[in-house]
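Below: the structure, in structure tokens.
Numbering (UniProt numbering), first residue to last: 1 to 270.
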């Protein structure tokens, strides 16, 4: 389970072991392990594995173990794991994850009807407060570029399940819908035809920019074997950055930015 998070799909990882719930201490916890847990909890996929003690330390026991999940695993318990014991956990080694908690259905991986999760229930999002800025954030969150349109009507099919009338108020530069100002309005009357849709520009092959002020600046990350990680900048130069700007559909390269000016998460690729 996930504990002490701001949503049902984020928090500190806790395991039930030996009859008790305890915090997982895993110094080698990575995005692939986190992906597996997000899938197991029906929370989409892993967006990040925050460093430090963002979600607290917990009051129960600490379980020390190292998981080695591969892409074909859908449950954490199916992954190879080394010994689980009850010892001290070095500060910052508590496993944590922020899962997407949002998804697109009845379309492609980067287009469809918007669904979000309340408790254990997925439902479509009512379109009454949905706009292009909100859609931009969701596309970025799903690594699908930017929003090209928010198609109305019954495009991507009508719904048969619940329709949530949450109101997101995004500026368009947030990395995740849950970072936007939000009002959870529950499940009032909303026509099944009046649900949020989006068509995103599409996935970059293996490149994205995070934590910047727009989709065209930020920390450079690449995807290898399904895992996103930062790029070490030892040999990074203007030619590399110009190629990156072209790959990210940015109009032109303006400057290189010190990595200290951007928030960073995840292990780097060298």
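Even glycine gets a Cβ: it sits at the ideal position worked out from N, Cα and C.
A distance below 8 Å between beta-carbons, with the five flanking residues on each side excluded, links residue 102 to the following residues of its chain, in chain order: 44, 114, 115, 116, 117, 138, 141, 142 and 177. Nearest Cα to residue 95 within the set 14, 198, 189 and 241: 14. Annotated three-state conformation of residue 139 is helix, per DSSP. Given a length threshold of 3 residues, each whole run of the beta strand (DSSP E) inside the UniProt domain "SRCR" (1 to 100) is given here in chain order: 10 to 17, 20 to 25, 46 to 48, 62 to 64 and 96 to 99. In this structure, residue 27 lies away from residue 128, with their beta-carbon atoms at least 8 Å apart. Listed in chain order, the non-local C-beta contacts of residue 218 below 7 Å within the same chain comprise 209, 210, 211, 212 and 262, local neighbours out to five positions each way being set aside.
Under DSSP, the beta-bridge partners assigned to residue 198 are 112. By the neighbour-count definition (other C-beta atoms within 10 Å, threshold 16), residue 160 is an exposed residue. Looking at the DSSP output, residue 156 bridges to nothing.
A Cβ-Cβ distance of about 5 Å is found for the pair residue 11 and residue 3, placing them in contact under the 8 Å criterion. Spanning the alpha carbons of residue 91 and residue 130 requires a straight line of approximately 41 Å.
Linking residue 57 to residue 25 through their CA atoms gives a straight-line distance of about 10 Å. Boundaries of the beta strand (DSSP E) around residue 121: 121 to 125.
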